[in-house]
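In the UniProt record's numbering, the protein residues as written are 1 to 482.
The block underneath contains the structure these notes are about, expressed in structure tokens.
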């Protein structure tokens with residue numbers, strides 16, 4: 001039985017009694033008795049009564065069917081103002097007529113009982129998704145409009161019209177042009193159907209309410225495995241549930257129940273009643289990244305490298321089929337691809353030659369030619385700690401022996417200075433450089449370029465100031481140079 005309500009919905013007037021279900025009429029046969037050959041036949045008069053059933057329950061018997069029609073019309077009329085835009089009727093009533101010799105009826109009692117039990121109803125269209133009733137609407141057109149507006153959450157109205165027109169005209173798809181994309185199909189993930197039925201006007205939804213219902217979805221149970229430091233309230237919040245709802249989903253679970261990692265709980269998550277599946281064709285140019293090839297060169301020092309061929313990206317044209325569910329891509333298939341430009345790999349040559357950081361003990365001339373313009377010793381009233389080399393044929397400054405750079409940078413009166421530890425007790429100093437080509441921590445080989453001769457710091461001209469230390473003691477470079 002439907003519950004009464006005062007909620008306002010729409011109605012257009014219609015005689016409710018005309019919708020009353022009238023079932024099979026039962027008639028009692030009249031008996032004719034003959035009392036002898038000479039007795040005349042006597043015909044007994046019959047009267048009709050109407051037994052009323054509602055929802056399988058006996059309401060009573062009346063002697064005039066119009067009383068039932070009048071009651072139904074009255075109930076519909078009273079509810080018109082509450083449901084001004086709906087076509088109201090009444091719930092199904094089963095009326096069984098019977099002819100009797102001595103009719104017995106209870107009009108007032110039967111009508112009163114029927115009045116208490118009978119509610120108004122609407123001939124509605126039920127929306128069924130995957131075999132489950134989802135909502136009721138005042139017409140099939142409303143239900144179809146709800147589904148159409150739900151699709152419009154994910155595709156444009158223009159696309160839907162174009163798809164429908166092509167389907168009706170049975171037009172083939174034109175070949176997809178380079179760089180284009182198009183939607184080729186929009187369907188529902190579940191079977192959708194409609195059913196006509198009488199329902200309470202309270203549960204008839206408007207188009208807007210129906211769209212909102214489909215957008216919101218429905219709660220469905222799923223399993224959740226308890227993690228470290230989980231507590232019931234946080235698990236509930238994580239799944240948009242109240243603590244009370246979480247407890248109801250799990251029989252025997254109490255608010256103060258102890259849970260541990262690995263326990264499995266029932267939770268509820270919002271799931272759509274139905275998803276909109278969109279199939280899309282896409283043609284797009286894509287960049288092909290170039291590969292990098294590394295080659296080794298034994299003649300180059302380890303740590304050094306050079307690019308012998310610059311890499312260039314390629315390009316290809318790819319046709320995809322993209323499948324989306326409610327706006328999210330779930331699958332992508334490559335239909336075909338065409339190479340437009342081959343990529344060119346980048347080639348890098350790296351040195352593998354290992355430089356020993358220990359010197360040989362024999363120092364090589366640190367410049368390209370040149371002569372000693374100033375010796376180690378007293379000069380201008382103070383000690384000149386090294387020799388000066390000037391006028392070279394090339395201003396390249398070279399390491400006197402294998403070793404490790406322990407200092408490289410500007411240093412007051414020395415200007416730009418490099419210090420090499422040869423790891424055999426010897427250290428060499430190279431000062432007044434115009435520029436430095438090495439860095440601290442770098443291992444250099446005998447003869448390797450350290451920088452360019454210059455006149456930085458306290459210097460009267462372009463030259464190299466060169467010092468030698470043996471176990472921390474200043475020595476005359478001439479005694480060590482070959």
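The beta-carbon is built from N, C-alpha and C at its ideal position, and this holds for glycine as well.
Predicted, not measured: the structure shown is a model, and the values here were computed from it.
> Between the C-alpha atoms of residue 145 and residue 273, what's the straight-line distance to the nearest angstrom?
Replying inline: Near 16 Å, if we compare the C-alpha coordinates of residue 273 and residue 145.
> Just the Cα atoms here: how many angstroms apart are residue 372 and residue 359?
Replying inline: Here the C-alpha atom of residue 372 lies approximately 23 Å from the C-alpha atom of residue 359.
> Between which two residues does the alpha helix (DSSP H) carrying residue 203 extend?
Replying inline: Segment: none, residue 203 is in no alpha helix (DSSP H) and carries neither H nor E.
> In three-state terms, what does DSSP make of residue 107?
Replying inline: Of the three classes helix, strand and coil, the one that applies to residue 107 here is helix, per DSSP.
> Quick one: Cα of residue 316 to Cα of residue 279, how far?
Replying inline: Near 23 Å, if we compare the C-alpha coordinates of residue 279 and residue 316.
> Out of curiosity, what's the CA-to-CA distance linking residue 29 and residue 99?
Replying inline: Residue placement at residue 29 cannot be trusted, given a pLDDT of 30 that sits under 50; the coordinates are not used to answer.
> Going by beta carbon distance, what residues of the same chain come within less than 8 Å of residue 377, once the five residues before and after it are set aside?
Replying inline: A distance below 8 Å between beta-carbons, with the five flanking residues on each side excluded, links residue 377 to the following residues of its chain, in chain order: 383 and 384.
> In whole angstroms, what separates the C-alpha of residue 405 from that of residue 468?
Replying inline: Computed Cα separation, rounded: 14 Å.
> Taking just the CA atoms, how far does residue 183 sit from residue 22?
Replying inline: Because the pLDDT at residue 22 is just 38, under 50, the model does not fix this residue reliably, and the value given afterwards should be weighed accordingly. Their Cα atoms are separated by approximately 52 Å.
> Excluding five sequence neighbours on each side, which residues of the same chain lie with their C-beta closer than 8 Å to the C-beta of residue 181?
Replying inline: Only 280, 281, 282, 283 and 284 meet the Cβ criterion.
> Which stretch, first to last residue, makes up the beta strand (DSSP E) that contains residue 284?
Replying inline: Note, residue 284: beta strand (DSSP E), 276–288.
> Hey, residue 213 and residue 186 are a contact pair by Cβ (cut 8 Å); roughly how many whole angstroms apart?
Replying inline: Not a contact, Cβ separation roughly 20 Å.
> Grouping DSSP H, G and I as helix and E and B as strand, with all else coil, what is residue 474?
Replying inline: In this structure, residue 474 counts as strand in the three-state DSSP scheme.
>> Quick check on the burial criterion: 16 or more other C-beta atoms within 10 angstroms. Buried or exposed for residue 422?
In response: Buried is the call here.
>> I'd like to know whether the C-beta atoms of residue 433 and residue 400 end up nearer to each other than 8 Å.
In response: Taking C-beta atoms as the reference points, residue 433 and residue 400 fail to come closer than 8 Å.
>> Quick check: the segment 311–327 against the segment 338–347, are at least 3 beta-carbon pairs closer than 8 Å?
In response: Judged by Cβ distances under 8 Å, the segment 338–347 makes contact with the segment 311–327, as three or more pairs qualify.
> Distance, Cα to Cα, residue 268 vs residue 135?
Replying inline: Their backbone Cα atoms lie some 21 Å apart in a straight line.
> Between the C-alpha atoms of residue 456 and residue 293, what's the straight-line distance to the nearest angstrom?
Replying inline: If you draw a straight line from the Cα of residue 456 to the Cα of residue 293, it is about 42 Å long.
>> So, under 8 Å CB-CB, residue 124 and residue 197 are touching, yes? Tell me the CB distance rounded to an integer number of Å.
In response: At roughly 6 Å, the Cβ-Cβ gap stays under 8 Å, so residue 124 and residue 197 are in contact.
>> For residue 402 and residue 445, I'd like the C-alpha separation in whole angstroms.
In response: The straight-line gap from Cα to Cα measures roughly 4 Å.
> Which same chain residues, not among the five before or five after residue 490, have their C-beta less than 7 Å away from its C-beta?
Replying inline: In the structure displayed, the chain extends from 1 to 482; residue 490 sits before or after that span and is not available.
>> Looking only at its chain, what residues have a beta carbon closer than 6 Å to the beta carbon of residue 17, apart from the 5 residues adjacent to it on each side?
In response: With a pLDDT of 39 at residue 17, under the threshold of 50, the modelled position of this residue cannot be trusted, and the question is left open.
>> Using only CA atoms, which one of 64, 55, 61 and 138 lies nearest to residue 85?
In response: Ranking the options by Cα distance to residue 85, first place goes to 138.
> The beta strand (DSSP E) spanning residue 319 covers which residue range?
Replying inline: Per DSSP, residue 319 is one residue of the beta strand (DSSP E) stretching across 314–325.
>> Using only the alpha-carbon positions, how far apart do residue 288 and residue 335 sit?
In response: Their Cα atoms are separated by approximately 18 Å.
>> Can you find the residues in the same chain that come closer than 6 Å, C-beta to C-beta, to residue 349, ignoring five residues on each side of it along the sequence?
In response: Apart from sequence neighbours up to five positions away, the residues of its chain that approach residue 349 with a beta-carbon distance below 6 Å are 295, 297, 306 and 308, ordered along the chain.
> Do you know how far the Cα of residue 438 is from the Cα of residue 462?
Replying inline: Taking the straight line from one Cα to the other gives about 20 Å.
> In this structure, does DSSP put residue 211 in helix, strand or coil?
Replying inline: Note: residue 211 maps to helix in three-state DSSP.
> Along the chain, where does the beta strand (DSSP E) that runs through residue 99 open and close?
Replying inline: In the DSSP assignment, residue 99 falls within the beta strand (DSSP E) that extends over 93–100.
>> The beta strand (DSSP E) that contains residue 265, what's its start and end?
In response: Boundaries of the beta strand (DSSP E) harbouring residue 265: 264–271, taken from the DSSP string.
> What do you get for residue 223, buried or exposed, if any count of 16 or more other CB atoms within 10 angstroms of its CB means buried?
Replying inline: Under this definition residue 223 is an exposed residue.
> Got a sec: is the Cβ-Cβ distance from residue 336 to anything in chain C below 8 Å?
Replying inline: Judged by its chain identifiers, the structure shown contains no chain C, having just a single protein chain.
> Going by the CB atoms, is the gap between residue 167 and residue 276 shorter than 8 Å?
Replying inline: In this structure, the beta-carbon distance from residue 276 to residue 167 does not fall below 8 Å.
>> Which of the three DSSP states is assigned to residue 170 in this structure?
In response: It is coil, neither helix nor strand.
> Taking all protein chains shown into account, do 16 or more other C-beta atoms lie within 10 angstroms of the C-beta of residue 473, making it buried, or fewer, making it exposed?
Replying inline: Exposed, because fewer than 16 other Cβ atoms sit within 10 Å of the Cβ of residue 473.
> When you compare only the Cα positions, how much space is there between residue 264 and residue 126?
Replying inline: For residue 264 and residue 126, the gap between their C-alpha atoms comes out near 37 Å.
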